[in-house]
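Residue numbers (our numbering), protein chains in the order written: chain A, 1 to 196; chain B, 1001 to 1196.
Backbone N, C-alpha and C fix where the C-beta goes; we use that ideal spot for every residue, glycine too.
2 protein chains.
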Amino acid sequence: MSDVDATSVAAIGGRVRALREAMGLSLRDLAERCGVSAPMLSQVERGETSPTLQVATRIAAGLDLRLSQLLRLDEDGAVTIVRAGERRQGPTTVKGHSYEVLTAPLPGQRAELSRHVLAPGAATGGPGDPPMHEPGSRETALVESGRVVLHCDGAAHDLQTGDCVTFDADLPHHFENPGPGEATFLGVVSAGLRRS
Amino acid sequence: MSDVDATSVAAIGGRVRALREAMGLSLRDLAERCGVSAPMLSQVERGETSPTLQVATRIAAGLDLRLSQLLRLDEDGAVTIVRAGERRQGPTTVKGHSYEVLTAPLPGQRAELSRHVLAPGAATGGPGDPPMHEPGSRETALVESGRVVLHCDGAAHDLQTGDCVTFDADLPHHFENPGPGEATFLGVVSAGLRRS
DNA sequence: TACGCCTGTACGTGATAACGTACGCGCGTA
DNA sequence: TACGCGCGTACGTTATCACGTACAGGCGTA
């Protein structure tokens, strides 16, 4: 049992005890309600053993909960906030293009949101760039201000402020700003087929 | 193992196999990712055994999920039917809230982008609303202007202009604008994970 | 003060989870 | 056609879950 697993098992155990006591039940009371023995419940509450999913489901039921609800009480990750000042700045490898990633770099992240700024005449890349996204990725871009041209798989698509485009991100693509003003757009990249 | 428990164990097993195959992984591939043996994974997927919480947590992690998310994919209530007479009239179903969907309503769309506007004091829904997204859905919201409070699964999260939040969209949630000014935010909803 | 009851935990035992090894099958290629 | 590889599952063994029984401690009451 690794440290992380141990923490998880112990956390749910403490939670079960807290909920049982809040309901004014003894170990034997809860045992009767959920069909799990009292000594087993004691071991679970003290973090001494990891119950099977089947037993854990019955314990949760005895507490008038679904198992997913019980687990959620001690999980992190259901809500993740990135404050305005915490955004990750992307490296500026191309002159006139800067971007920042707005979403957290977490495994549970299934869509990455980023904002790009293009100076007049600048582009996010070039025609020869290889695809930067895994197979099956899709991208949606929303032009917030200015004018942007999407080059995707050899074709050019002109986009005005407010326009929204979705395309296969695993094809060679880049954006450019024909000017005359600065252009900004939001990019939403969804994980490839392997991930969804 | 009672009938109900057997159904639950078998259900999650089928779900694990569906997700693993959708990710293009073999049993040995997933075994490496999550630190559970391949024969054990095979037994779990075939419903032959009930894994402990500790092992189930590791299996979920190998699928880039928290265990509660994995469980929710097969919980009752996953099928949501909106009867014709119950259809929510867009765009303004709640006073002071209006929104527009920015992405095209196409089958291949894996992230739906929408912009919401909330007048001071208005909300996108209420505490009693059922979850409107399928199990496994995730949502990202970027506050463009004003101040928004996300209520998700009973907890309130305060968001200022420029803040970005990602959360489990299959949990009961709604946004509200405490005022004093108008608030706008972009919403990105990623498709759920169900494969059957 | 002593007894009975309730409570949580220790312990022994049987059942089963979990692993490592090996097998069978199918497919691709030389 | 034969061989090697990848894949999923069978099987034996070990570790641990899960239970039943019993113990220890505390509390209330006669």
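In the three-state reduction of the DSSP assignment, serine 1114 (chain B) falls in the strand class.
Residues of chain B whose Cβ lies closer than 8 angstroms to the Cβ of isoleucine 12 (chain A) are, in chain order, Leu1053.
Shown here, threonine 103 (chain A) sits in coil according to DSSP, grouped into three states, outside any helix or strand. The three-state secondary structure of alanine 1061 (chain B), taken from DSSP, is helix.
The beta carbon of serine 1042 (chain B) sits closer than 7 angstroms to the beta carbons of Leu1027 from its chain, once the five residues preceding and following it are set aside; these are given in chain order. In the structure shown, aspartate 1029 (chain B) falls within a helical segment according to DSSP collapsed to helix, strand and coil. Taking 8 angstroms as the CB threshold, leucine 102 (chain A) lines the interface with chain B. Close to alanine 1183 (chain B), with beta-carbon spacing below 7 angstroms, lies no residue of chain A; the smallest spacing is near 14 angstroms. When Cβ-Cβ separations below 8 angstroms define contact, valine 1036 (chain B) makes no contact with chain A. Partner residues in the beta bridge of alanine 156 (chain A), as assigned by DSSP, are A:His151.
Secondary structure at leucine 186 (chain A): strand, using DSSP grouped into helix, strand and coil.
The beta carbon of alanine 11 (chain A) is closer than 6 angstroms to those of Asp74 in its chain, skipping five residues each way along the sequence. Assignment of beta-bridge partners to serine 1098 (chain B) by DSSP yields B:Val1117.
Between the C-alpha atoms of proline 120 (chain A) and proline 180 (chain A) there is a straight-line separation of about 6 angstroms. According to the DSSP assignment, valine 1044 (chain B) belongs to the alpha helix (DSSP H) that extends over 1038-1045. For glycine 187 (chain A), there are no C-beta contacts with chain B under 8 angstroms, since the nearest C-beta of that chain is about 11 angstroms from it. Counting only Cβ-Cβ distances below 8 angstroms, alanine 56 (chain A) has contacts in chain B at Leu1053, in chain order. Residues Leu1073 and Asp1074 of the same chain have their beta carbon placed closer than 6 angstroms to that of arginine 1015 (chain B), with the five preceding and five following residues left out of the count.
Using beta-carbon distances, glycine 1125 (chain B) does not count as an interface residue toward chain A, since no partner is under 8 angstroms.
Residue-level contact check: serine 190 (chain A) touches chain B, since one or more beta carbons of chain B fall below 8 angstroms from its beta carbon. DSSP, reduced to helix, strand and coil, places arginine 1017 (chain B) within a helical segment of the structure shown. The beta-bridge partner set that DSSP reports for alanine 1123 (chain B) consists of B:Glu1176. Taking the C-beta atoms as reference points, valine 189 (chain A) is found no nearer than 8 angstroms to glutamate 100 (chain A).
Scanning its chain for C-beta atoms nearer than 6 angstroms, with the 5 sequence neighbours on each side dropped, one finds around alanine 123 (chain A) the residues His174 and Glu176, in chain order. The C-alpha of phenylalanine 167 (chain A) is placed about 40 angstroms away from the C-alpha of leucine 1053 (chain B).
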